[in-house]
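Numbering (the numbering used here), first residue to last: 858 to 1360.
Step one of this worksheet: look at the structure below.
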Ligand SMILES: [Fe+2]
Ligand SMILES: [Fe+2]
C-alpha cells in the first residue's frame, strides 16, 4: 500500500492538516462525551449515532496525523514506549480512581477501575504486537544512530533530532524538541555478594587511636558489593569480590565488621546482573584487599588496571596486568588520574592502602564515585571520619578531604562497597549533600552463626561446653574444645573428637 506518511510535511498544506488532525481528535472526545450523556438520558439510539460519528472522526484524525508525519514511520520504538506507558498507566489510573473514591464519587471510581485494567490490557496488546510482528532487524540501526529521550514520557527519538523543525514536539506527550536529551548508554550496576552484616561505630569512625570516642553499641548496616560500568561500548569491572573459596564469617561479641552472609560467589553474581566473564574488557582495582581482588583469576582476557604500588605488593605478574601510574594529569581536585574510557576516570587516592585508587564515572550531569574503602559506611563521609583501617593515615586524611571537596563542587552519587547505601544511592541517583546526613538505618537481626565455643557430636548430639569441661574423663572446666587431647572421645557415644562440629 502506497504510504501517505509525511505527504504534506514541509509544504504549504502542513499547517492546515495539523489543525485538522487536532480538530478531529477533539471531535472524538466531544462525540463520545455526548454519547455518554445520551445514554444517561435513556437515548440509546442517539448515543449509537454519536459513537458512529466519533469513530469516523477518529479515522480522520489518524489520517491527518499521517499526512503531517506526526508519528515515526518506523514505529517500533514508539510502540515500545507506548507499551511501557500503558503498563504504568494501569497503576496511575487506579491511584486516581482511589482519590476519586476517597472524594466520595464511588460510581465514577468504579468505571475508572475498569479503565485502569484496560490500560494494562493495552500494555499486553503492545507486548503481543512486538513479540509477534516486530521485524527481527528493527532497531538494529539504532545502535549506530543517535538516540534522544523525552524527559517526561521516555519516548525515544532515533536519528538526528536537529533536522526536525523547531516546532516539532514529542509525538506522545507534546514536550518541545528542546526538552529532549541525548540518551546515555552508560549503566552502572552493583554485583551483590554479601548481605545483612553490620559494622560498629568505633570501627567505621575510630581513625587513628580514637575508637574510645565512639559507641560500640551503635551499629551500621554492612554488605559487600562491587560494581560494573557498562559504557555501551565495553564492560568494565570495578573490583572482583571475595575469592570463591572464602569461608563464611563467624560473629562474636568482639566482631567489628561482619560483611554478612554470602549471596553468591563473584562470577555467579556478575552473571546474575547480565554479564559473562568473556564480555569484560577491563578491570579497575581500587586496592589489593581480598574482598576487592578475590576473583581476578577468573578474567584472564581482561586488562587489569591496578596502581603500581598495589600490583607490586600483590606480586601480580600475568601479562594482562596494567601497572598504572596515573599519567593523564589532574582530574578536578585530584592530582593524578588516568582516563580509562569516555566518562570513566581512574584516580590515585592513597591512604586506606598505599596504592589505593578510586573511580569516577561521569554520566547525565552527575558524578559517580566508586571509592572502594575510603569509608566503610556513608555516615563516616558525612562526619569526616576515617575507619580504623589504613596503611598511610595522613594520605587517607588527605584523600577523604579531597573526596569531600569534590562532592561539594560537583553533584555526586557516593557508591560504596561495604554498605547497602552504595547500591541504594546508585539506584536512586541520590546526590550527596554533606550538610544533611540522611538518618542512619540500623542493621536488622543478624542471623549469622555465632561461634559459641560449644561443640556438638554429629553422631549422638552430645554437647561439649568448655565452661563445664568433661570432669568424668579428667577434663577440667575452662578447657577449650581445641585444647582437648587428640584421643578424647564423646563421653556419650565414644565417637572420636573429629565427629564434633562447632555449635
Ligand atoms: Fe579494604
Ligand atoms: Fe573492602
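Glycine included, C-beta positions come from ideal geometry on N, C-alpha and C.
Given the structure is predicted, the values throughout are model-derived calculations rather than measurements.
- With a threshold of 16 other beta carbon atoms within 10 Å, residue 1059 meets it and is buried.
- Pairing residue 1162 with residue 1021, the inter-Cα distance amounts to about 44 Å.
- Across the structure, residue 1326 and residue 1360 are spaced so that their CA atoms are roughly 15 Å apart.
- Here residue 1244 is buried, its C-beta having at least 16 other C-beta atoms within 10 Å.
- DSSP, read as helix, strand or coil, puts residue 887 in helix.
- Residue 1332: not part of any alpha helix (DSSP H); DSSP gives it neither H nor E.
- Ranked by Cα distance from residue 1137, the first of 1153, 1144, 1146 and 1313 is 1153.
- Ranked by Cα distance from residue 1093, the first of 951, 1084 and 1099 is 1084.
- The nearest non-hydrogen atom of ligand 2 is less than 6 Å from the C-beta of residue 1230.
- Not one heavy atom of ligand 2 sits closer than 6 Å to the Cβ of residue 1344.
- According to the DSSP assignment, residue 967 belongs to the alpha helix (DSSP H) that extends over 963-990.
- Residue 926 sits close to residue 866, with the two beta carbons spaced by under 7 Å.
- A direct Cα-Cα distance of roughly 45 Å separates residue 1044 from residue 887.
- Under the DSSP assignment, residue 1171 falls in the alpha helix (DSSP H) whose first and last residues are 1165-1171.
- For residue 1048, the enclosing beta strand (DSSP E) has its first and last residue at 1044-1057.
- Looking at the DSSP output, residue 1082 bridges to 1049.
- Where residue 958 is concerned, the enclosing alpha helix (DSSP H) starts and stops at 933-959.
- Exclusion of residue 1275 from the 6 Å shell around ligand 1 follows from its C-beta lying no nearer than that to any non-hydrogen atom of the ligand.
- Your pair residue 1120 and residue 1049 checks out as a contact, with CB atoms roughly 5 Å apart and the cut at 8 Å.
- For residue 1125, there is no enclosing beta strand (DSSP E); the enclosing alpha helix (DSSP H) has its first and last residue at 1123-1129.
- Along the length of the stretch 1161-1216, whole alpha helix (DSSP H) runs at least 4 residues long occupy 1165-1171, reported in chain order.
- For residue 1013, the enclosing beta strand (DSSP E) stretches over residues 1013-1015.
- With the rule of 3 Cβ pairs closer than 8 Å, the stretch 1030-1040 does not count as touching the stretch 1196-1212.
- With respect to residue 1062, residue 1253 sits apart: the two C-beta atoms are not nearer than 7 Å.
- With contacts defined as CB atoms closer than 7 Å, residue 872 and residue 921 fail to qualify as a contacting pair.
- Linking residue 1203 to residue 1267 through their CA atoms gives a straight-line distance of about 17 Å.
- Counting the other CB atoms within 10 Å of its CB gives residue 1228 a total of 16 or more, which places it among the buried residues.
- At least one heavy atom of ligand 2 lies less than 6 Å from the C-beta of residue 1148.
- Contact check between the stretch 937-946 and the stretch 972-987: three or more CB pairs, one atom from each, fall below 8 Å, which counts as touching.
- Residue 1179 and residue 1100 have their C-alpha atoms spaced approximately 21 Å apart.
- In this structure, residue 1233 and residue 1056 form a Cβ contact; the two beta carbons are roughly 6 Å apart against a cut-off of 8 Å.
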